[in-house]
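Shown next, in structure tokens, is the structure this report addresses.
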Amino acid sequence: HKQAQSKGSKGKHQQIMAELRQLKIKTGACRRLLKELASYEKEVDAEEAKLEQMVQSNADGARVKQQQAVVEESKGMVPAVSQRLRDAHAALSTHMDANRDALGSSDEWAEAEAQLSAAHGVLEERPAR
């Protein structure tokens, strides 16, 4: 009977470790997408400034048009990354809700909460599409 108990506890430990691994993966996805979104937004600002400077200096029309395309391409990435962040946020939140009892006291939990909060703050600024 002791052996059966030990097997059950080993299985439970493996399950907790698997859930912890998923928590780390989902947390990492949120962190990466937050950085990616910030990077695209910074790129949009830089490319828009470059376009404005080109217009102010009466640059060649073809170059201005090409820069407008660059700006539009950069702007187009923001909603796509925002949606991926929204999906990652939802997946992390769902995983945390399902595993609060087993993982709530882990160090990884605090990091997951921080990333969830950061993603929530960024996403509140953007309406869902």
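Take any residue in the sequence shown, count from 1 to its spot, add 1: that is its number in the working numbering.
We treat Cβ as the ideally placed atom computed from N, Cα and C, and that holds for glycine.
Here the structure is a predicted model, which means the values were calculated and not measured.
**Prompt:** How should Asn100 be labelled, buried or exposed, when 16 other C-beta atoms within 10 angstroms of its C-beta is the threshold for buried?
**Reply:** For the purposes of this step, residue 100 is taken as the residue at position 99 of the sequence shown. Looking at its Cβ environment, which holds 16 or more other Cβ atoms inside 10 Å, Asn100 is buried.
**Asked** Whole-angstrom Cβ separation of Ile17 and Ala103, contact assumed at under 8 Å?
**Response** Residue 17 sits at position 16 when you count from the first residue of the sequence shown. Residue 103 sits at position 102 when you count from the first residue of the sequence shown. Yes, they are in contact, since the Cβ atoms of Ile17 and Ala103 sit about 5 Å apart, within 8 Å.
**Message:** Quick check on His121: buried or exposed, where buried means 16 or more other Cβ atoms within 10 Å of its Cβ?
**Reply:** Reading the sequence shown from its first residue, position 120 is the one you call residue 121. So His121 counts as exposed.
**Message:** Looking at the secondary structure, which residues open and close the alpha helix (DSSP H) in which Glu126 lies?
**Reply:** Residue mapping note: residue 126 aligns to position 125 of the sequence shown, counting from 1. No alpha helix (DSSP H) contains Glu126, which DSSP labels as neither H nor E.
**Request:** Give me the Cβ distance between Glu48 and Val72, rounded to the nearest whole Å; I'm assuming they're in contact under 8 Å.
**Result:** Numbered from its first residue, the sequence shown carries residue 48 at position 47. Numbered from its first residue, the sequence shown carries residue 72 at position 71. Indeed, because the Cβ distance is near 5 Å, the residues count as touching under 8 Å.
**Prompt:** What span of residues does the alpha helix (DSSP H) with Ser75 cover, start to end?
**Reply:** The residue given as residue 75 occupies position 74 in the sequence shown. Where Ser75 is concerned, the enclosing alpha helix (DSSP H) stretches over Gly62 to Leu104.
**Message:** Between which residues of its own chain and Ala92 is the CB-CB distance below 7 Å, once the five residues before and five after are set aside?
**Reply:** Along the sequence shown, read from residue 1 onward, the residue named residue 92 stands at position 91. Only Lys27 meet the Cβ criterion.
**Message:** With a threshold of 7 Å on Cβ separation, who are the neighbours of Lys76 within its own chain once the five nearest residues in sequence on each side are excluded?
**Reply:** Stepping through the sequence shown from its first residue, residue 76 is reached at position 75. Taken in chain order, the residues that qualify are Val45.
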